[in-house]
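K.L.:
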Amino acid sequence: MKNQERTYRSLINKDNLISYNVKISESDLLISSDTNLSDKALKFLVNHRNSLETYIKNHPDFRTSLLPLPEDNLAPSIIRDMLIKSSICGVGPMAGVAGAIAEFVGYDLLNHTENIIIENGGDIFIKSKDKLIVSVYAGESPLSYKVNFIVKPEKTPLGICTSSATVGPSLSFGKADAVCVISKSATLADAAASAIGNKVKGKQNIKTALDYGIKITGITGIIIICDEEMGAVGEVEFI
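Right, here's the structure in full:
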C-alpha cells in the first residue's frame, strides 16, 4: 500500500521547483517550492498536528464519526475548517484531514515562496505562477496515468484531492478506482472526494455520482474512474 500511495508523487510537472519530504507520523508531505523550506514546513506541520491531536483527545468523536459534527467556534482554525467542510459534504470531519493539512501548511508557506505544491498521499494543494499538468493515478485501472488535465495559474490556490476504494488506506464505501475533486479548498475537495466515492458502487453509478458531486457548493470539477470507464463534470480541461 505504501509504495502504491507514493506513486501519486510523480503526477505533477514541477520544473524549476525544489522538492523535499516532510513527515510526522501519518502526515507524509512531498513539498515543491522555489527554495527548500523544510524547516519551516516541519514547524507548521507540528503546529497543525498538535491542534488536531489535542482536539481529538478532548473530543474523541471528531476522529471516529462518519457523520458531520456541530461547528465549534472555539476550536483551532484547522478544526473549524474540517467541521464546516465535512458538514457541507455530509461526512465525518476526518474525511478532510489530509487535504486540510496540505492546505494549512501550504498557506503558511506562501509567505515564503511564490510557488508551492504540497502532496499528502493523493491530496494536493497548489499555488503556481505557471500552468501545470496533473495526471490521475487510478490504481489497477487501465486509465491510470492516462487521464491528464491542466491547472491554470489564475485558478490557484487550488485543492485537488483523490479518493480511491482500491488504493491506499482511506475509508470508502464505494468501488471507484479514483474520484478526483477540484475546489478552491483542499479540505472541501478531500471531504467531497470521500462523499462522492461512496456513491460509486460500480461503473453504472459514475453519472449519478458526478451529478451529486457537482451540486456540492464550492466544487468546481470532478473526474471519476472506475475500471476502464471514466466520467468528468465541471471545469476540467483535459490534455
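In our numbering, the protein residues as written are 46 to 284. We treat Cβ as the ideally placed atom computed from N, Cα and C, and that holds for glycine. Just so you know, these numbers come straight off a predicted model, no measurement behind them.
Tell me the start and end of each unbroken alpha helix (DSSP H) in the stretch 170-203 that is at least 4 residues and wholly inside, in chain order.
P.N.:
Runs found: none.
K.L.:
On the DSSP bridge assignment, give the partners of methionine 275 in chain order.
P.N.:
In the sequence shown, residue 275 corresponds to position 230, counting from 1. Methionine 275 is bridged to Ile270.
K.L.:
Comparing C-alpha positions only, which one of Ile63, Lys172, Glu98 sits nearest to proline 198?
P.N.:
Counting from 1 along the sequence shown, the entry for residue 198 is found at position 153. That would be Lys172, whose Cα lies nearest to the Cα of proline 198.
K.L.:
Quick one: is asparagine 81 buried, meaning 16 or more other Cβ sit within 10 Å of its Cβ, or exposed?
P.N.:
Taking the sequence shown and counting its residues from 1, the one referred to as residue 81 is at position 36. Counting Cβ neighbours within 10 Å, asparagine 81 comes out exposed, since fewer than 16 surround it.
K.L.:
Say whether the stretch 85-95 touches the stretch 172-183, bearing in mind that this needs 3 or more beta-carbon pairs closer than 8 Å, one atom from each stretch.
P.N.:
no
K.L.:
Over what stretch of residues does the alpha helix (DSSP H) that includes valine 281 continue unbroken?
P.N.:
As a working mapping, residue 281 is identified with position 236 in the sequence shown. Valine 281: not part of any alpha helix (DSSP H); DSSP gives it neither H nor E.
K.L.:
Starting from serine 132, trace the alpha helix (DSSP H) both ways and give me its first and last residue.
P.N.:
Here residue 132 refers to the residue found at position 87 of the sequence shown. In the DSSP annotation of this structure, the continuous segment of the alpha helix (DSSP H) that includes serine 132 starts and ends at 122-134.
K.L.:
Quick one: grab the DSSP three-state call for serine 4.
P.N.:
Within the shown structure, residues of the chain are numbered from 46 to 284, placing residue 4 beyond reach of any answer.
K.L.:
Do the stretch 260-272 and the stretch 158-167 make contact, defined as three or more Cβ pairs closer than 8 Å?
P.N.:
no
K.L.:
Output the distance between the C-alpha atoms of cysteine 271 and lysine 200, rounded to the nearest integer angstrom.
P.N.:
Within the sequence shown, residue 271 is the residue found at index 226, counting from 1. Within the sequence shown, residue 200 is the residue found at index 155, counting from 1. Each residue's Cα considered, the two are about 27 Å apart.
K.L.:
Exposed or buried, what is lysine 244 when buried is set at 16 or more other beta-carbons lying within 10 Å of its beta-carbon?
P.N.:
On the sequence shown, residue 244 is found 199 positions in, with the first residue counted as 1. Lysine 244 comes out buried.
K.L.:
What did DSSP end up calling alanine 221 once you bin it into helix, strand or coil?
P.N.:
One-based indexing of the sequence shown puts residue 221 at position 176. Under the three-state reduction of DSSP output, alanine 221 falls in the coil class, being neither helix nor strand.
K.L.:
Measuring CA to CA, which of Val150, Val136, Asn193 is closest to alanine 237?
P.N.:
As a working mapping, residue 237 is identified with position 192 in the sequence shown. Alanine 237 has its Cα closest to that of Val136, out of Val150, Val136, Asn193.
K.L.:
So does the stretch 180-194 actually touch the stretch 245-259, counting three or more Cβ pairs closer than 8 Å?
P.N.:
no
K.L.:
Tell me the DSSP secondary structure of isoleucine 251 in three-state form.
P.N.:
For the purposes of this step, residue 251 is identified with residue 206 of the sequence shown, where counting begins at 1. If DSSP states are grouped into helix, strand and coil, isoleucine 251 belongs with the helices.
K.L.:
Figure out for me which residue from Phe107, Asn193, Asn66, Met127 has the closest Cα to the Cα of isoleucine 57.
P.N.:
As a position in the sequence shown, residue 57 is number 12, starting the count at 1. Considering only alpha carbons, the answer is Asn193.
K.L.:
Just checking my contact of serine 208 with glycine 242 at CB under 8 Å: how many whole Å lie between their CB atoms?
P.N.:
Translated into the one-based positions of the sequence shown, residue 208 becomes position 163. Translated into the one-based positions of the sequence shown, residue 242 becomes position 197. Sure, about 4 Å apart at Cβ, within 8 Å.
K.L.:
So, for glycine 276: in the same chain, excluding its five sequence neighbours on each side, which residues have a beta-carbon less than 7 Å away from its beta-carbon?
P.N.:
For the purposes of this step, residue 276 is taken as the residue at position 231 of the sequence shown. Result list for glycine 276: Ile251, Lys252, Leu255, Ile269, in chain order.
K.L.:
Could you check whether threonine 232 and glycine 151 sit closer than 7 Å to each other, using their CB atoms as the reference points?
P.N.:
Along the sequence shown, read from residue 1 onward, the residue named residue 151 stands at position 106. Along the sequence shown, read from residue 1 onward, the residue named residue 232 stands at position 187. No, the pair does not count as a contact, with Cβ atoms beyond the cut-off.
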